[in-house]
Every structure is written in C-alpha cells, then in structure tokens.
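Chains as they are written, first to last, in the UniProt record's numbering: chain A, 1 to 405; chain B, 1 to 235.
Backbone N, C-alpha and C fix where the C-beta goes; we use that ideal spot for every residue, glycine too.
Reading through the structure tokens given below for one structure.
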Amino acid sequence: MIWETVRLSLRSIRRNVLRSFLTLLGIVIGVAAVIAMLTIGSGTTEKVKADISKLGSNLLVVRAGRPAGPGGPGGLDQAARPLAEKDVTALVAHLSGARAISPASQKQVRVIFGTESLTSGVTGTDSAYLDARDWKLVSGRPFSDSETRAGTGVCLIGETVRQQFFGAGDPEGEIIRVNRTSCKIIGLLEPKGYTGFGQDQDNVVLMPLHAYQRRVAGNRDIDNIYIAADDRTPTSELQPRVEDILRDTRRITPDRDPDFAIRDMTQIADAMTSATTTMTGMLGAVAGVSLLVGGIGIMNIMLVSVTERTREIGIRLAIGAHEKHILIQFLVEATVLSLLGGIIGILIGLSLAGLTSMALTIPFAPSPAVILLAVGFSALIGMVFGFFPALRGARLDPIDALRHE
Amino acid sequence: MSAPLLITFDKVWKSYGEGEARVHALAGVDLAIRRGEFVAIMGPSGSGKSTAMNIIGCLDTPTAGTYSFMGVDAGRLDRNRRALLRNLYVGFVFQGYNLLPRTTAAENVELPLIYRGVAARERRDLAMQALAAVGLVGREHHTPAELSGGQQQRVAIARAIVTRPTLLVADEPTGNLDTARTHEIMELLTRLNAELGLSIVMVTHEADVADYAGRTIRFLDGHVASDTLKTEEAA
Ligand SMILES: Nc1ncnc2c1ncn2[C@@H]1O[C@H](COP(=O)(O)OP(=O)(O)OP(=O)(O)O)[C@@H](O)[C@H]1O
Ligand SMILES: [Mg+2]
C-alpha cells in the first residue's frame with residue numbers, strides 16, 4: 001500500500017513538474033546552503049589543523065622576551081636577554097617527558113649555487129631538530145653529533161631550494177654558498193608546502209648551529225628552543241617543568257616575570273580549531289533557517305495543492321478511498337518532494353563546497369553524517385509541514401469535494 | 001418480485017440550514033429497491049434527487065429516519081465504514097464524468113482497485129476487462145483530454161464496474177451527452193443490468209432515458225410523488 005502510494009505520488013509530482021519544482025526550490029536552497037556551509041566549514045577546520053600540525057605536534061616553543069598576552073603570538077620584548085646554549089643544556093639534562101629538545105636560530109639569507117641565487121630561511125640547529133619538528137628526509141642523512149658540535153659546513157635543503165638550483169636532479173654532495181660560507185648538501189627535506197599564512201616552508205636550508213652562529217649570524221644567540229613532548233606527556237604538563245628549569249638556569253626568582261615565553265602549539269591548535277568549529281556551526285544554523293523557510297514553502301504549496309485537487313480528493317473518496325489513504329497520499333507526496341529537494345540540494349551544496357574548496361585551496365571534506373542528517377531532515381520537514389495540508393485533504397466531505405469546481 | 005431488498009428508506013429526512021432558512025431536501029421518504037432492479041429517478045430541479053442518490057451511495061447520511069443498505073443501517077456508520085461500503089458494493093457515475101485529469105483511462109479504472117489492495121498485475125487485467133466491457137479497447141492509454149465525452153463516460157462506467165459492485169449509482173449520466181451518445185450509454189447500462197445483474201439507480205431528466213429502466217420513481221419537493229413499474233405501464 002505504501003509503495004503504491006509512493007508510486008502514485010511520484011506520478012502526481014511528474015504530472016505537475018513546474019509546481020513540484022517550485023515547491024522543491026525552497027528545500028533545495030536550504031539544504032544546499034546547509035551542506036555547503038558545513039562542508040566548507042569542516043574543510044577550513046581541517047586546513048587549520050593541518051597547518052598547525054605542520055608546525056609540529058605536541059610542541060612547545062621557547063623564545064626570549066616577555067609574553068605579550070595569554071597565548072598571543074609575537075609582541076616579544078626585543079631587548080630581552082637572548083636564549084643561550086646553557087639553557088638548552090639545562091633542559092636536556094633535567095627535563096623529563098620530552099622526546100626531543102632542539103635549539104634553532106634563523107635568518108633570511110641569500111643562498112647561491114653557480115649563477116643561481118635565492119633568498120632562503122637558513123636555520124642553525126642540531127640533529128634533534130628533525131625529530132622535534134616531525135620532519136623527515138627524502139634522501140641523505142641528518143647531521144651527525146660531531147658535525148653539530150664542530151660546526152662543519154654541511155646542510156639539508158628544502159624542496160624549493162632543490163628545484164631552484166637543481167631542477168629534478170640529485171642535490172646530494174653539491175656545494176652551495178650561504179652568506180660568506182660554503183656548505184655541502186647531505187640531505188633533502190620532505191616537502192611541507194605553504195603555511196596558512198602563505199609562507200613557503202620548503203624554502204629552507206638547515207645547518208649545524210655552530211656553523212650558523214659563526215658564519216651566518218655572527219653571534220651566539222639562540223632564537224627558539226623546540227621541545228617535543230613524548231607520547232605519554234601532555235604539553236600542558238611539560239610547560240611548567242620547562243619554566244622551572246629555565247627560571248633556574250636564568251636565575252629568575254618566582255616573584256618576577258620570566259624573560260622568556262613558552263608557546264604551546266597544541267593550545268593554539270585547539271583554540272583555532274574550536275573557533276572555526278563554532279563559526280561553522282553558526283553558519284550552519286543560519287543556513288538551517290532557510291531550510292525552515294523551505295519547509296513553510298512546502299506547506300504553502302501542499303495547501304494550494306489540496307485546494308486545487310479538492311475534486312480529485314472527492315473522486316477518490318467516492319470510489320472508496322479511506323481517510324488514511326488520502327492522508328498518506330499527501331504526506332508521502334510532501335515527503336517525496338522534500339526528499340527530492342534534499343537530494344538535489346545535497347548535490348548542489350557539495351558542488352558549491354567543492355568549487356569553493358578548490359578556490360580557497362582548503363580540503364574538500366564532505367561529511368557522511370551531515371549528508372545523512374540533511375536527507376533525514378528534509379524528509380522530516382516534508383512530513384511535518386505536509387501533515388496539516390494532508391489532514392485537511394483527508395477530512396474533506398466527499399460531496400462538497402465533488403461539487404468543488 | 002422475490003429478489004432480496006437492497007435499499008430501504010424508512011421516513012428519511014435530510015435537512016439543511018437552521019431556523020427560518022431550514023430546507024428539507026428530503027421530507028420523510030419511504031422507498032424500497034431490490035437487487036437487480038434498474039430504477040430511474042425523475043423530478044423537477046431541487047426536488048431532492050441528488051440528495052437521495054448521495055444517501056443511496058453511502059456518501060451522505062439522513063438527518064432523521066433510517067437508511068438501510070444490504071440490511072446494514074448505513075445512515076449510522078462513520079465515514080470510514082461508509083468508505084468501505086462504497087469501495088466494496090457501490091460504483092458511481094457522475095454527470096461530469098469526474099475522471100482524474102492527466103491520468104490514463106487504464107489508471108483511472110484501476111483506482112478503486114488500489115484502495116482495495118489488489119495487486120498490480122490483477123489490477124491491470126481487471127481494468128482491461130472493464131474497459132473491454134464498455135467497448136474501449138485500444139483507448140487504455142488515452143487521458144481524459146484525449147477522449148470524447150461519450151468515451152469519458154464509458155471510462156467512468158468502467159471505473160464504476162471494475163470492482164464488480166452490487167449497485168451502480170448514476171446521477172444524470174447522460175446529462176452532458178448528445179442523443180446518439182446517450183442511447184449508446186443507456187444500452188450499455190441496460191446490458192450491464194441484464195448480464196451482470198447489476199442493480200442501477202439513475203437520475204435523469206429525460207423520459208426516453210428513463211424508459212430504459214424497469215421502474216421510474218418521481219420526486220417532488222422531497223417526497224416520492226409516484227413509483228411506476230414498466231410492466232404496469234405496459235399493462
Ligand atoms: N449542501 C446543501 N446545503 C444546503 N442546501 C442544499 C444542499 N444540498 C442540497 N440542498 C438543497 O436541497 C434541495 C434538493 O437538492 P438536490 O440537489 O437533491 O436537488 P436535485 O433534485 O438533484 O436537483 P437537480 O435536478 O437540479 O440536480 C435543494 O433545494 C437544494 O438547494
Ligand atoms: Mg441533482
């Protein structure tokens with residue numbers, strides 16, 4: 001019986017193509033808006049997450065200077081006492097729960113190979129850096145401990161540097177000039193792409209810290225200390241330990257503010273993720289309102305349809321249709337209509353989200369749960385908003401209905 | 001006549017409106033119709049013919065008095081029970097055909113079977129048989145707009161008889177047809193009455209249409225004014 005009714009309602013939808021299409025429009029737009037918003041939103045969230053995880057996961061970054069505000073970036077006191085090698089040594093000796101601890105200093109420097117040149121981010125660091133930043137080598141080897149200690153002229157290069165100088169060729173063993181020093185390429189870094197702020201993370205040269213300090217920077221300062229937590233230790237637990245040790249080595253009594261800042265990348269990631277999630281939810285809710293408007297559209301059109309088809313209802317009642325047959329017919333019709341609208345809306349919404357993702361270079365992240373929800377919700381809207389008109393049709397008096405012109 | 005009673009009106013009243021404006025469309029009608037009869041109902045406009053037909057077809061209920069259909073007090077059944085009675089025992093033919101628009105003849109004829117829960121295959125077969133019985137083979141897939149008035153009325157008759165009803169209720173079935181078409185339809189009804197034993201109650205304004213029936217009942221101001229059998233007339 002239900003199947004029969006679905007067939008009947010499909011038939012009547014087909015018989016009134018234009019009206020059916022207009023009825024659908026509200027639902028189509030509503031569902032498309034919701035799907036597009038939520039899909040683009042979750043793509044943005046993924047993009048933000050990915051950007052942050054490119055910086056390294058479970059990572060603390062120590063910098064010299066007073067923190068500008070809670071969790072806020074930048075704004076460091078330039079005159080502050082820089083970090084020094086003894087801070088790193090103290091952390092390595094006393095900090096528990098860290099997987100890798102690595103000092104790093106960086107500078108934009110002109111790098112030259114043959115007649116080609118490129119301004120690159122040159123970083124002086126040690127062999128723990130790759131581990132701390134979750135960075136891998138495509139080929140070659142990292143610095144050895146002795147190279148780090150001695151400050152030998154060796155380096156690792158990023159993909160952008162390789163392409164600039166060697167095209168698709170193998171860079172290993174070649175000598176490039178960095179500032180006034182030359183160094184031998186011993187490895188190629190795995191490509192990381194751009195950050196969300198448009199910075200090319202592959203335009204880099206890594207070299208031993210001592211070599212960098214002596215021949216590039218000309219001082220013994222350390223800009224950052226990267227500390228990666230091990231799997232069992234949350235960064236929130238690690239952070240106070242780091243602060244204690246650094247206060248100790250830098251002789252800062254507990255009553256004074258520290259002259260260094262510890263940034264927790266996990267916290268920043270969480271904050272940014274929850275911000276984009278909240279925004280996605282809000283946009284989704286706004287789009288949801290248009291879905292409601294679509295539902296009212298369905299009710300309106302179904303009421304018109306019942307009035308327009310009063311005579312048809314009369315005929316059906318006269319030849320033996322039960323009240324419930326009429327009720328089911330119009331309910332199914334409304335549900336099938338809005339379901340159809342929902343499916344079209346999903347397709348349009350996904351296409352919109354796909355195009356937008358391409359334009360914004362964010363991941364296209366359709367969620368099966370959201371799609372299922374949209375299908376269910378549009379069916380529900382059809383049923384809810386179709387019920388009142390359907391009931392009106394079912395309750396008609398067959399004689400009045402037959403007399404209706 | 002020994003056939004069992006199909007319909008009885010016992011002091012049936014049907015009134016509309018309140019107080020001063022109260023109109024009695026039927027004012028104490030007594031009537032009995034047996035199975036297999038072919039009855040024509042005549043009378044001036046407003047005399048209560050359609051009102052009586054609606055009650056006979058279980059579409060409506062009396063304001064007072066008793067209406068029995070096949071021994072059941074149909075006047076006191078709720079609308080869904082009456083819908084069931086209509087579906088099982090009554091076929092309707094209207095003056096205006098009342099086919100579903102943009103729906104093929106076959107689909108129109110199948111409609112009552114859908115509400116009976118008949119399977120699709122059987123429905124199609126029965127619809128074809130009914131369309132054949134009214135002489136519309138080859139027009140199954142035409143919509144009402146593609147059929148003439150006489151053909152539409154044949155589709156309506158096919159729809160009314162497809163469920164093999166006991167009673168056919170026809171309110172001015174030839175009212176919209178020309179003379180030639182009228183006689184074709186009347187011959188068809190006569191044949192259905194004779195061959196299937198289908199009881200027919202039909203309203204008409206035309207004496208030559210009423211002549212096809214075995215019995216003529218005249219209404220006047222909500223009363224039965226006369227009730228004549230054809231055989232008596234001939235005698
Ligand atoms: N729903 C209604 N409300 C009020 N009065 C009605 C209603 N239906 C019928 N009547 C009145 O009842 C009386 C009988 O109407 P009915 O339709 O039975 O006449 P009829 O014999 O079929 O006439 P016609 O030959 O014109 O079809 C008329 O006076 C009509 O105005
Ligand atoms: Mg009438």
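| request: Let me know if A/R256 comes out buried or exposed under the rule of 16 or more other beta-carbons within 10 Å of its beta-carbon. | output: Along the first sequence, one-based indexing puts residue 256 of chain A at 256. Looking at its Cβ environment, which holds fewer than 16 other Cβ atoms inside 10 Å, A/R256 is exposed.
| said: For a test of the three-state rule: what should DSSP assign to B/Q153, helix, strand or coil? | reply: For the purposes of this step, residue 153 of chain B is identified with residue 153 of the second sequence, where counting begins at 1. Helix at B/Q153.
| message | When you measure from the CB of B/S50 to every non-hydrogen atom of ligand 2, does any distance come out below 6 Å? | response | Position 50 of the second sequence, counted from the first residue, corresponds to residue 50 of chain B. B/S50: yes, Cβ under 6 Å from ligand 2.
| field | Cross-strand partners of B/D73 (DSSP beta bridge) | value | Position 73 of the second sequence holds residue 73 of chain B. B/D73 pairs with B/S68.
| Does ligand 4 have even one heavy atom less than 6 Å from the beta-carbon of A/S290? | Ligand 4 is not part of the structure shown, which contains ligand 1 and ligand 2 as its ligands.
| Bridge partner(s) assigned by DSSP for A/C183 | Residue numbering aside, residue 183 of chain A sits at position 183 when the first sequence is read from its first letter. In DSSP, A/C183 forms a bridge with A/I176.
| request: Compute the beta-carbon to beta-carbon distance between A/G294 and A/A334, rounded to the nearest angstrom, for a pair I have assumed lies under 8 Å. | output: Along the first sequence, one-based indexing puts residue 294 of chain A at 294. Along the first sequence, one-based indexing puts residue 334 of chain A at 334. Going by Cβ atoms, the distance from A/G294 to A/A334 rounds to 12 Å, so no, they are not a contact pair.
| Since A/Q239 is in the alpha helix (DSSP H), which residue starts that stretch and which ends it? | Looking up residue 239 of chain A in the first sequence gives position 239. Boundaries of the alpha helix (DSSP H) around A/Q239: 235-249.
| said: Within the continuous beta strand (DSSP E) that includes A/A228, where are the two ends? | reply: Along the first sequence, one-based indexing puts residue 228 of chain A at 228. Element bounds for A/A228: 224-229.
| message | Just to confirm the assignment, what range does the beta strand (DSSP E) spanning B/T204 have? | response | Position 204 of the second sequence, counted from the first residue, corresponds to residue 204 of chain B. Segment: none, B/T204 is in no beta strand (DSSP E) and carries neither H nor E.
| message | Against chain A, with Cβ distances strictly below 7 Å, would B/P165 count as a contact? | response | If you number the second sequence from 1, residue 165 of chain B lands on position 165. No, its Cβ sits nowhere closer than 7 Å to a Cβ of chain A.
| task | Ignore the nearest five residues each way along the sequence and tell me which others in A/Q239's own chain have a CB closer than 8 Å to its CB. | result | Within the first sequence, numbered from 1, the residue matching residue 239 of chain A stands at position 239. In the same chain as A/Q239, and ignoring 5 residues on each side of it, the C-beta atoms closer than 8 Å to its own belong to L60, I262, D264, in chain order.
| task | Would you verify that the beta carbon of A/A318 is, or is not, closer than 7 Å to some beta carbon of chain B? | result | For the purposes of this step, residue 318 of chain A is taken as residue 318 along the first sequence, with counting starting at 1. Output row for A/A318: interface = yes.
| request: Please report the residue range of the alpha helix (DSSP H) in which B/K49 lies. | output: Here residue 49 of chain B refers to the residue found at position 49 when the second sequence is read from its first residue. Run containing B/K49: 49-56, per the alpha helix (DSSP H) assignment.
| said: With a threshold of 6 Å (Cβ to nearest heavy atom), would B/Y67 be considered close to ligand 1? | reply: Start at 1 with the first residue of the second sequence, and residue 67 of chain B comes out as number 67. Taking non-hydrogen atoms of ligand 1 into account, the C-beta of B/Y67 is found less than 6 Å away from none of them.
| Those residues which DSSP pairs with A/P103 across a bridge | Taking the first sequence and counting its residues from 1, one reaches residue 103 of chain A at position 103. A/I225, per the DSSP bridge assignment.
| query | Between the stretch 240-254 of chain A and the stretch 142-153 of chain A, do three or more beta carbon pairs fall short of 8 Å? | reply | Taking 8 Å as the limit for Cβ pairs, the verdict is that the stretch 142-153 of chain A does not touch the stretch 240-254 of chain A.
| Proximal chain B residues relative to A/I19, where beta-carbon distance stays under 7 Å | Along the first sequence, read from residue 1 onward, the residue named residue 19 of chain A stands at position 19. In the sequence on display, residue 19 of chain A carries Arg and not Ile. Those within 7 Å of A/R19 in chain B number zero; the least Cβ separation is about 12 Å.
| Between A/L24 and A/G376, is the Cβ-Cβ spacing less than 7 Å? | As a working mapping, residue 24 of chain A is identified with position 24 in the first sequence. As a working mapping, residue 376 of chain A is identified with position 376 in the first sequence. For the pair A/L24 and A/G376, the CB atoms are not nearer than the 7 Å cut-off.
| Counting only beta-carbon atoms, is B/N193 nearer than 7 Å to chain A? | For the purposes of this step, residue 193 of chain B is taken as residue 193 along the second sequence, with counting starting at 1. Not flagged as an interface residue toward chain A: B/N193, since no C-beta distance is shorter than 7 Å.
| message | Between the alpha carbons of A/L347 and A/A32, how many angstroms are there, rounded? | response | Reading the first sequence from its first residue, position 347 is the one you call residue 347 of chain A. Reading the first sequence from its first residue, position 32 is the one you call residue 32 of chain A. A/L347 and A/A32: Cα-Cα distance of roughly 7 Å.
| A/L137 - partner residues in DSSP beta bridges | As a working note, residue 137 of chain A is residue 137 in the first sequence. Looking at the DSSP assignment, A/L137 forms a beta bridge with A/L189.
| query | Alpha carbon to alpha carbon, how far is A/A401 from A/G320? | reply | The residue labelled residue 401 of chain A in the question sits at position 401 within the first sequence. The residue labelled residue 320 of chain A in the question sits at position 320 within the first sequence. When rounded, the distance between both Cα atoms is 14 Å.
| What residue does the alpha helix (DSSP H) around B/R123 start on, and which one ends it? | Locating residue 123 of chain B in the second sequence gives position 123, counting from the first residue. That run of the alpha helix (DSSP H) goes 120-133.
| For A/E308 and chain B, any beta-carbon pair shorter than 7 Å? | Position 308 of the first sequence, counted from the start, is the residue given in the question as residue 308 of chain A. The Cβ of A/E308 sits no closer than 7 Å to any Cβ of chain B.
| Hey, how far is the Cα of B/G91 from the Cα of A/L339? | For the purposes of this step, residue 91 of chain B is taken as residue 91 along the second sequence, with counting starting at 1. For the purposes of this step, residue 339 of chain A is taken as residue 339 along the first sequence, with counting starting at 1. Our two residues, B/G91 and A/L339, have alpha carbons roughly 36 Å apart in a direct line.
| query | Any contact of the stretch 38-47 of chain A with the stretch 276-285 of chain A, i.e. 3+ C-beta pairs under 8 Å? | reply | The stretch 38-47 of chain A makes contact with the stretch 276-285 of chain A; the number of CB pairs closer than 8 Å reaches 3 or more.
| field | Backbone CA spacing between B/G71 and B/A156 [nearest angstrom] | value | Against the second sequence, residue 71 of chain B aligns to sequence position 71. Against the second sequence, residue 156 of chain B aligns to sequence position 156. Per the coordinates, the alpha-carbon of B/G71 lies some 28 Å from the alpha-carbon of B/A156.
| Can you list the residues of chain B that A/R15 reaches, using a CB-CB cut of under 7 Å? | Residue mapping note: residue 15 of chain A aligns to position 15 of the first sequence, counting from 1. Under the 7 Å cutoff, chain B gives R102.
| query | Is the number of C-beta pairs between the stretch 355-364 of chain A and the stretch 21-33 of chain B that are closer than 8 Å three or more? | reply | No: the two stretches stay apart, fewer than three of their Cβ pairs being nearer than 8 Å.
| said: Checking the sheet assignment: what are the DSSP bridge partners for B/M42? | reply: Taking the first residue of the second sequence as 1, we reach residue 42 of chain B at position 42. B/R218, per the DSSP bridge assignment.
| field | Chain-ordered neighbours of A/A321 on chain B, where CB pairs are closer than 7 Å | value | Mapped onto the first sequence, residue 321 of chain A falls at position 321. Under the 7 Å cutoff, chain B gives A83, Y115.
| request: Locate the alpha helix (DSSP H) running through A/S378, then write down its first and last residues. | output: Working through the first sequence from its first residue, we reach residue 378 of chain A at position 378. Looking at the DSSP string, the run of the alpha helix (DSSP H) that includes A/S378 is 368-394.
| Helix, strand or coil: which one does DSSP assign to A/D257? | Counting from one through the first sequence, the residue named residue 257 of chain A turns up at place 257. Coil, per DSSP.
| In chain A, which residues lie with their C-beta within 8 Å of the C-beta of B/P112? | Mapped onto the second sequence, residue 112 of chain B falls at position 112. Going along chain A in sequence order, the residues near B/P112 (Cβ under 8 Å) are I319, G320.
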